[in-house]
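For reference, the structure is listed below as structure tokens.
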Amino acid sequence: MRTWLLGLALASVGTAAMAADQVAPPAAPATPAPAPVRPVEAAKPGDLTMARVFGNPDLSGSQPKAVRLSPDGTLLTSLRNRDDEKERFDLWAVDTATGQARMLVDSKTVGSGAELTEAEKMQRERARIGGQKGIVAYDWAPDGKSILVPLDGDLYLAGLDGKVKRLTNTPGGELNPVVSPKGSFVSFVRDQNLFVQPLAGGDARAVTTGGGGTVHFGEAEFVAQEEMHRDTGYWWSPDERYVAVERFDEAPVHTATRASIGATGTKVYEQRYPAAGTPNVLVDLYIMKPDGSGQVKVDLGTNPDIYLARVDWTPDGRMLLVQRQSRDQKLLEMLRVDPATGKSTVLFTEKSGVKSWLNLSDAYRVLKDGSLIWRSERSGYGQLYRFASGKWTQLTKGDWVVTDLVGVDEAKGRLFFLGNKDDVLEQQLYSVDVAKPNVITRLTEAGWWNSATMDAAASRFIISRSNPKQPTQVYLADATGKRLSWINENAVVEGHPYYPYLSSHQETKFGTLKAKNGMTLHWEMITPPLEPGKKYPVFFEHYGGPGTGQVVTRGWQGALPQYLVDRGYIYFKIDNRGSFNRGKAFEDQIYHAMGTVEVEDQLSGANYLKSLPFVEPSKIATYGWSYGGYMSLKMLEKTPGVYAAAVSGAPVTDWQLYDTHYTERYLGDPAKDPASYATSAAVEEANRIVDPLLLIHGMADDNVFLDNSTKVAARMQATDTPFEMMFYPGYTHRVAGPGISEHVWGTILNFLDRTVKDKPLPAETAPAPAK
């Protein structure tokens, strides 16, 4: 499960941050200063409307994705969305010397418009790009002369001269396509087998032939994609001598009958879904040559009930490194595998505490000298270590978190990483030298939320940043962090889509509260221009779940919160215990305790709001999606009368219905700890809900099945507990997109206006009826 905010209406939530002064009193929280008072005016052309929030062009401006430098560094490529269709992306290139931009591949001109296979649709759902159209990924050939472009279920090869060659034309579609490391082949998965095709031309040939039925080669299983952030099932050796290929068999996995209910009919899918406490897929790993010969099976151990977490080749291609995680996610072993024999030995292990678990990470790097840079939470915070000749050296230290490893300059012995060393609400780019542990240099400007990638030569960064007033900007920087040129300045000036609304943009304020156990909780708030003596309703958003990311950051959040404020609501959210990027002690609070500490901390936020002189305490509405939808239910069940109303979108209501890797990580095995599952469920106590509830779900959800909502709905109906419901035919876990977003938010706001904002105050009475 990953973070879903505002029903995914905000594509760039949490991508950056800027600095309104932080309000963080040492004892009692201070009342935030009100926004400047401005006269209440009638609607005018520059006022935000719901149609404009979700319309074209995107109010956040141009938002390039997958920004990369060509192998020779002369071109910078990216996926750019169209002004007239913001969900559709084309491939663009910018000359790094002149800044001249041109479209390389027009998705409408080149694409066939064919419907994607169900397998690719599900894979896109796992990657959270189910609503995107056109080109969603690409891969440079190593010689820098062409680019592999998947589009509408087939593969194309784009030249730098604008010519596009079609490589495949099949009904089955191709998954996980990449160019091999030396550029000899294009590889992909078709019909559950791995194929290779010469990049220079020629027919595709099968590397594996045993796929079919419940057996898959070269793919990542459901929980690997959804929960482990591993989206492929095969790995080329750097010299192209070998390919490591995952084989998984879904036969042991429970078959769930999923009805994809659409507007014109219902499709029934027999989906293999590993619910908590039930069998996972059987996973094997093979090493073979690109023609499929010389297959050897990797020794993954005697226990088949494990997770294949990560697979990597050493830079010289002589060894394969495999991360094997235990089913209870308390043990991670790094295996060193001989590709000639498949024999494995344990290189090192990571173990969690008794009331904890191990988080998987991509912040590691195998170096040419045989050493390994590795992120570990063994100190209580995610920090970087070097493993060499069997010994560990800690490179970073402190009560803060390294969030990602961006690059390594092996010649200089320098690492580049993202973290929150200076401010938990910001993500900054830093460097540290292997020879000088803990001497850390910040390379990006304070007051922003940054992300970054680095070229293979460790000489240039592509940095994205934003703050509450500035949508995402992208620039090219040198290895010191100095900006060389803008890739997308995206300044909110005349001509920018958001410029007409900038004058009414309200400031985001930040502050802190204390949890019951004394831990610090961070909140953010946006208020309308406050009128003296007036009290305002609150739109209190939450996510609350572990394992993904914090929701309170100094980053751009899109126009929707500003629209809510324009409608007269105060916008508020708080990061509760159990959320990410605060260290293991903070996150571990949720261990075997879902639906408890999160509810307590959200209640602390609600009580704080009620103490503010400009908040109407009887008009606090709460909203959440996915885990946040689950939280909405638990908050109404456990704290009746606190919230005026709640919106619950696509909630998990019974954790035994959700998948193994996520659920067991936090709640354990339901057979061993049924009490934790019973306490965490939101079904049995649904009859305790006395405040207005709106339940929303997509009727084709393949992640949080519709059963979750129908189960709680049936309980409420059986106990004569009133609630409102809106289900969306044909929509999955993401209920958003052209047209439908307006309906979703129209439904939500009509409900909240009726039950919260426009509801008479308790002290008010209606006029007596005429006699």
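Numbering (our numbering), first residue to last: 90 to 860.
Idealized CB from N, CA, C, for every residue including glycine.
- Of all C-beta pairs linking the region 328 to 348 to the region 456 to 469, fewer than three are shorter than 8 Å, placing the two stretches out of contact.
- Between LYS673 and SER445 a beta carbon distance of about 6 Å is seen, short of the 8 Å cut, so the two are scored as contacting.
- For VAL801, the enclosing alpha helix (DSSP H) starts and ends at 796 to 807.
- Just so you know, the alpha carbons of ALA566 and LEU168 end up roughly 20 Å apart.
- Across the set THR346, LEU698, THR485, TYR755, the C-alpha of THR346 shows the shortest separation from the C-alpha of PHE794.
- Counting the other Cβ atoms within 10 Å of the Cβ of HIS343 gives fewer than 16, which makes it exposed.
- Look at GLY162 here: in three-state DSSP terms it is coil, with no helix or strand label.
- In this structure, the alpha-carbon of TRP402 lies about 11 Å from that of ASP427.
- Secondary structure of GLU359 (DSSP, three-state): strand.
- With three or more CB-CB distances shorter than 8 Å, the region 823 to 838 counts as touching the region 133 to 149.
- Under the 10 Å beta carbon count, LEU850 is surrounded by fewer than 16 other beta carbons and is classified as exposed.
- Here DSSP, grouped into helix, strand and coil, assigns TYR680 to coil.
- HIS750 and SER450 have their C-alpha atoms spaced approximately 15 Å apart.
- Secondary structure at THR403: coil, using DSSP grouped into helix, strand and coil.
- Contact between GLY502 and VAL523 holds, with the beta-carbon distance rounding to 4 Å and staying under 8 Å.
- In the three-state DSSP reduction, GLU329 falls in the coil class, being neither helix nor strand.
- The three-state reading of DSSP puts TYR470 in coil, since its state is none of H, G, I, E or B.
- Excluding sequence positions up to five before and after MET805, its CB lies within less than 6 Å of the CB of ALA775, PHE812, all in the same chain and listed in chain order.
- If you compare the alpha carbons of ILE236, ALA313, GLY299, GLY202 with that of PRO260, the shortest gap goes to GLY202.
- Spatial neighbours of HIS585 in its own chain (CB-CB distance under 8 Å, excluding positions within 5 residues in sequence) are listed in chain order as GLY150, ASN579.
- ILE837 sits in a helix when the DSSP states are folded into three classes.
- The alpha-carbon of TYR716 is positioned some 12 Å away from that of VAL736.
- Between TYR652 and THR138, the alpha-carbon positions lie close to 7 Å from each other.
- Distance from the Cα of ILE236 is smallest, within the candidate group GLU263, SER269, ARG215, for SER269.
- Around GLY487, the same chain offers no residue with a beta carbon nearer than 6 Å, after the five sequence neighbours per side are excluded.
- Close CB contacts of SER465 within its chain, under the 7 Å cut and outside five residues either way in sequence, are with GLU439, GLN472, TYR474 (chain order).
- Under the DSSP assignment, LEU424 falls in the beta strand (DSSP E) whose first and last residues are 420 to 426.
- Of all alpha-carbon atoms in ARG416, VAL275, VAL582, the one lying nearest the alpha-carbon of ASP380 is that of VAL275.
- In terms of CA proximity to ALA682, GLY757 leads the group LYS848, ALA546, GLY757.
- Under the three-state reduction of DSSP output, HIS611 falls in the strand class.
- Residue pairing for ILE462: DSSP places it in a beta bridge opposite ARG454, ARG475.
- It is roughly 9 Å from the alpha-carbon of THR355 to the alpha-carbon of GLY819.
- Rounded to the nearest angstrom, the gap between the Cα atoms of ALA733 and LEU722 is 13 Å.
- According to the DSSP assignment, LYS723 belongs to the alpha helix (DSSP H) that extends over 716 to 727.
- In its chain, beyond the 5 residues on either side, SER149, GLY150, ASN579, TRP645 have a beta carbon closer than 6 Å to the beta carbon of PRO560.
- Contact check for LEU494 and ARG531: beta-carbon distance about 16 Å, past the 8 Å limit, so the pair fails to qualify.
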